[in-house]
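>
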Amino acid sequence: MRIILMTGKGGVGKTSVAAATGLRCAELGYRTLVLSTDPAHSLADSFDQELGHEPIAIRPNLWGAELDALMELEGNWGAVKRYITQVLQARGLDGVQAEELAILPGMDEIFGLVRMKRHYDANEYDVLIIDSAPTGTALRLLSLPEVSGWYMRRFYKPLQKMSVALRPLVEPLFRPIAGFSLPDNEVMQAPYEFYEQIEALEKVLTDNTQTSVRLVTNPEKMVIKESLRAHAYLSLYNVATDMVVANRIIPDEVTDPFFKQWKENQQQYRQEIHDNFHPLPVKEVPLYSEEMCGLEALERLKETLYGSEDPTQVYYKENTIRVVQNQGHYSLELYLPGIPKDHVQLSKTGDELNIRIGNHRRNLVLPQALAALQPSGAKMEEDYLKIKFAATTAQV
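Per this note's numbering, the sequence shown starts with residue -6, numbered consecutively.
1) Per DSSP, what kind of secondary structure is residue 250 in: helix, strand or coil?
2) Among the residues of its own chain, which have a CB less than 6 Å from the CB of residue 29, if the five just before and after it don't count?
3) Please list the terminal residues of the continuous alpha helix (DSSP H) segment that includes residue 227.
4) Using DSSP bridges, identify the partner residues of residue -6.
5) Apply the 10 Å Cβ neighbour rule to residue 112 and answer buried if 16 or more other Cβ atoms are within range, or exposed otherwise.
6) With H, G and I counted as helix, E and B as strand and the rest as coil, what does DSSP make of residue 110?
7) Quick check: what's the CA-CA separation for residue 106 versus residue 268?
8) Less than 9 Å separating the beta-carbons of residue 298 and residue 0?
9) Which residue's Cα is closest to the Cα of residue 205: 239, 250 and 273?
10) What is the rounded straight-line gap between the Cα of residue 211 and the Cα of residue 243?
11) Report the rounded CA-to-CA distance for residue 42 versus residue 360, giving the unit in angstroms.
12) Using the rule of at least 16 other Cβ atoms within 10 Å of the residue's Cβ for burial, across every protein chain shown, is residue 303 buried or exposed?
13) Where does residue 240 land, buried or exposed, given buried means 16+ other C-beta within 10 angstroms?
14) In the DSSP output, which residue or residues are listed as bridge partners for residue 27?
15) Cα separation between residue 115 and residue 333?
16) With a threshold of 16 other CB atoms inside 10 Å of the CB of residue 209, please say whether the residue is buried or exposed.
17) Measuring alpha carbon to alpha carbon, tell me which of 38, 24, 91 and 190 ends up nearest residue 56.
18) How is residue 383 classed by DSSP in three states: helix, strand or coil?
19) Considering only the alpha carbon of each residue, which of 363, 283, 339 and -5 lies closest to residue 317?
20) Can we say the stretch 246 to 259 touches the stretch 283 to 302, given the rule of at least three CB pairs closer than 8 Å?
21) May I ask you to report which of helix, strand or coil DSSP gives residue 394?
22) How would you call residue 253, buried or exposed, if buried means at least 16 neighbouring beta carbons within 10 angstroms?
23) What residue range is occupied by the uninterrupted beta strand (DSSP E) comprising residue 234?
24) Could you please give me the residues that DSSP links to residue 50 through a beta bridge?
25) Can you give me the Cβ contacts of residue 295 inside the same chain, cut-off strictly under 6 Å, excluding the 5 residues immediately before and after it?
26) Tell me whether the stretch 190 to 205 and the stretch 213 to 229 touch, counting them as touching only if at least three CB pairs, one residue from each stretch, are closer than 8 Å.
27) DSSP state of residue 6, grouped into three classes?
28) What does DSSP give as the partner residues of residue 353 in its beta bridges?
29) With respect to the beta strand (DSSP E) encompassing residue 39, which residues constitute its N-terminal and C-terminal limits?
30) Reducing DSSP to helix, strand and coil, say where residue 389 ends up.
31) I think residue 238 touches residue 276, with their Cβ atoms under 8 Å apart; what is that distance to the nearest whole Å?
32) Just verifying my parser: in three-state terms, what is the DSSP assignment at residue 15?
33) Mark residue 306 as exposed unless 16 or more other C-beta atoms lie within 10 angstroms of its C-beta, in which case mark it buried.
34) By how many angstroms is the C-alpha of residue -6 removed from the C-alpha of residue 234?
35) Going straight from the alpha carbon of residue 381 to that of residue 371, what length do you get?
36) Does the beta-carbon distance from residue 7 to residue 216 come in below 9 Å?
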């Protein structure tokens, strides 16, 4: 299965690009599902057709769906939902409020990944196009396999074993005081089962022959900056970007003086997009005179984006992580475009290298050749952070 994730700052047009890509894939004969994981869905508006949690046929070979976190919770994590609802009701919330609040922060991202894994395992579609949430939420989604693995290994499994052992002893005292029971083994096991699915999906997400991210941006300063950061953070999580779509460019035929300054600014930012994202291919899409709603409008966008091309091709293969041996020394090279070295914090714990950039962190499990060594220096060169490793303990 080919997986294409569309992301970008809110409002840049990624839903329209995802829908148009789905049209072209279906036209080429691929069984294609366009799935929205954005809590603020707009995919149905883009297709101008009602969509639901389960896939609905739009035209031959094309289906659409919008993730409903509440339905996903009920269908796949019912025991946990019932337990959270019980706890909230014991704290005085009525049934409706308790059920709504049972969807804890971050669950949308978790269910998005689990839904992707389910479609991947079912193999009912040739192409899965994800209309993801705006950049920040999408990055949290893609970082979940790494972050959840760290917590599961260190905290959750020991806590689960302790809970199972102590529950028969503590439950008779706990329930009369708290008003609800301690979680049983079914409730405690559910998060770990989800983690196992997410961990398996990580191998798919980091395989640049199967999965690609396409960044949708606009020729505006703040949007470009966020897109550049997103590109670097995606590389941090070893998820490859294969294309940038520069959307809503004012056409040359617009000559109204009102747009003169705007067009000049766009010309500068268009060049910045090509320069800053090089060598990624950049496709430019004009600002259309009508909304991108309905199949007729999406057909125009599809032709502009792809013409006779196959959107399932990998437009560019990024190598985001590599281990290099040179004259008996090893170095780990991370592709972090546009990130200054002094913005990166490194530390090593056991066989893991802890990498932090802003509020994004990755705990990278080192290959065996590096696990016994210590970082001895780092430099930024050609958008790669090159970390040297040596047998002696040293500080980066």
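For every residue, glycine included, the Cβ atom is placed at its ideal position computed from N, Cα and C. A quick note: this is a predicted structure, and the numbers were derived from the prediction, not measured.
So, from the listed chains and residues:
1) Residue state, collapsed to three classes: helix.
2) Counting only Cβ-Cβ distances below 6 Å, and skipping sequence neighbours, we find 36, 59 and 124.
3) Its alpha helix (DSSP H) spans residues 214 to 229.
4) Per DSSP, none; premise fails for residue -6.
5) Buried, because 16 or more other Cβ atoms sit within 10 Å of the Cβ of residue 112.
6) The answer is helix: DSSP assigns residue 110 an H, G or I state.
7) Near 33 Å, if we compare the C-alpha coordinates of residue 268 and residue 106.
8) No; because the gap between Cβ atoms is not below 9 Å, this pair is not in contact.
9) The shortest Cα separation from residue 205 among 239, 250 and 273 belongs to 273.
10) Rounded to whole angstroms, residue 211 and residue 243 show a C-alpha spacing of 11 Å.
11) Computed Cα separation, rounded: 48 Å.
12) Its Cβ having fewer than 16 others within 10 Å, residue 303 is exposed.
13) Buried: at least 16 other Cβ atoms inside 10 Å.
14) Residue pairing of residue 27 in beta bridges, as defined by DSSP: 57 and 122.
15) C-alpha separation (whole angstroms): 42 Å.
16) When all chains shown are included, residue 209 counts as buried.
17) Taking the Cα of residue 56 as reference, the smallest distance to any Cα among 38, 24, 91 and 190 is reached at 24.
18) Three-state result, residue 383: strand.
19) For residue 317, the closest of 363, 283, 339 and -5 by C-alpha to C-alpha distance is 363.
20) No, the stretch 246 to 259 does not touch the stretch 283 to 302.
21) Outside the shown range of the chain (-6 to 389) lies residue 394, about which nothing can therefore be said.
22) Burial call: exposed.
23) That run of the beta strand (DSSP E) goes 234 to 242.
24) According to DSSP, which records beta bridges pairwise, residue 50 is partnered with 56.
25) Closer than 6 Å at the Cβ level, and outside the excluded window around residue 295, lie 13, 16 and 17.
26) Taking a cut-off of 8 Å for Cβ pairs, the stretch 190 to 205 and the stretch 213 to 229 do not touch, as fewer than three such pairs fall below it.
27) Note: residue 6 maps to coil in three-state DSSP.
28) BP columns for residue 353 point to 350.
29) No beta strand (DSSP E) contains residue 39, which is instead part of the alpha helix (DSSP H) from 36 to 40.
30) Residue confidence is low: residue 389 scores 47 on pLDDT, short of 50, so the model does not pin down where it sits. Its coordinate-derived value is still stated next. DSSP places residue 389 outside both helix and strand once states are collapsed to three, so it counts as coil.
31) Right, the Cβ-Cβ distance comes to about 5 Å (below 8 Å), so this counts as a contact.
32) Residue 15: helix per DSSP, three-state reduction.
33) It counts as exposed.
34) So the alpha carbons of these two residues sit roughly 17 Å apart.
35) For the pair residue 381 and residue 371, the Cα-to-Cα distance works out to about 6 Å.
36) No Cβ-Cβ contact shorter than 9 Å links residue 7 with residue 216.
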